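Colleague: Handing you a structure now.
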Amino acid sequence: MTTMTAAAPETDGRGGLTVAGGAVERIAAQAITELDGIGGAASRVLGIAVGGEDLGQGAKVSANVTGSTATLDVRLSVTYPLSVRATTETAREHLIRRVGALSGLTVTRVDITVTALHSAAIETRRVQ
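Here the sequence shown stands for residues 1 to 128, where the numbers follow the UniProt record's numbering.
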C-alpha cells in the first residue's frame, strides 16, 4: 500500500495531508456504486472467476498513489444492452471527478476491465 502527501507543508506551520492507497481504493469503489448499470466483479484466482459476477456487489479497485497523483485499476460488470464503451467512459469520468474531489488527489489514469455482461432482466432459477 502506497501513501502520499497531497500538499507540502506550508511555511506558515500547517502540515500536509497523507492519503493511503487503501483509502483511495475504498473511495473509488464507493463512487462506482453511484452509477446505474455497473456491478461488481468476481474474485479471480489464476484468471478463473471464483464465485459469480454480481451487479449487487462492489467493483474491484486497486489504486497506485504517487505524490499527489493516483492511478486506478477497476474491474466491473455492465448491464446488457448498455454500451460498454459509453458506460466505461462515464465510469472513468465519474471516478476522476469524485476521487479527485474526495481525496484531493489528481487521478491521471483509470484502467477499466469489464469482466461480464449481465441481462437487464433478473434471472430466477427453479427446480422443475
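Glycine is no exception: its CB is placed at the ideal position from the N, C-alpha and C atoms.
Computed from a prediction, not measured in an experiment: that's the story for all the values here.
Classify A116 as helix, strand or coil using the three-state DSSP reduction.
Modeller: strand
Colleague: Can you tell me whether R14 is helix, strand or coil according to DSSP?
Modeller: In the three-state reduction of the DSSP assignment, R14 falls in the coil class, being assigned neither a helical nor a strand state.
Colleague: Whose CA, out of T69, A101, A63, G37, lies closest to the CA of V114?
Modeller: G37
Colleague: Check whether the Cβ atoms of L72 and V84 sit closer than 8 Å, and answer yes or no.
Modeller: no
Colleague: If the criterion is Cβ atoms closer than 8 Å, does the pair L32 and V65 meet it?
Modeller: With the sequence shown as reference, residue 32 is identified as Ile, and Leu is not the correct amino acid for it. Against a cut-off of 8 Å, the Cβ pair of V65 and I32 comes out as no contact.
Colleague: Would you report the Cα separation of T79 and A86, rounded to the nearest angstrom?
Modeller: 12 Å
Colleague: Give me the Cβ distance between G58 and A29, rounded to the nearest whole Å; I'm assuming they're in contact under 8 Å.
Modeller: Contact holds; Cβ gap of about 5 Å.
Colleague: Measure the alpha-carbon distance for L17 versus E25 and round it to whole angstroms.
Modeller: Between L17 and E25, the C-alpha separation is close to 17 Å.
Colleague: Closest to S119 by CA distance: which of A23, G39, L35, R14 is it?
Modeller: G39
Colleague: Count the other CB atoms, across all protein chains shown, that sit within 10 Å of the CB of A41; report buried if there are 16 or more and exposed otherwise.
Modeller: buried
Colleague: In this structure, does DSSP put T79 in helix, strand or coil?
Modeller: strand
Colleague: Could you tell me the distance, in whole angstroms, from the CA atom of L95 to the CA atom of T106?
Modeller: L95 and T106 have their alpha carbons spaced roughly 11 Å apart.
Colleague: Just the C-alpha distance for S103 and R109, rounded to the nearest angstrom, thanks.
Modeller: 15 Å
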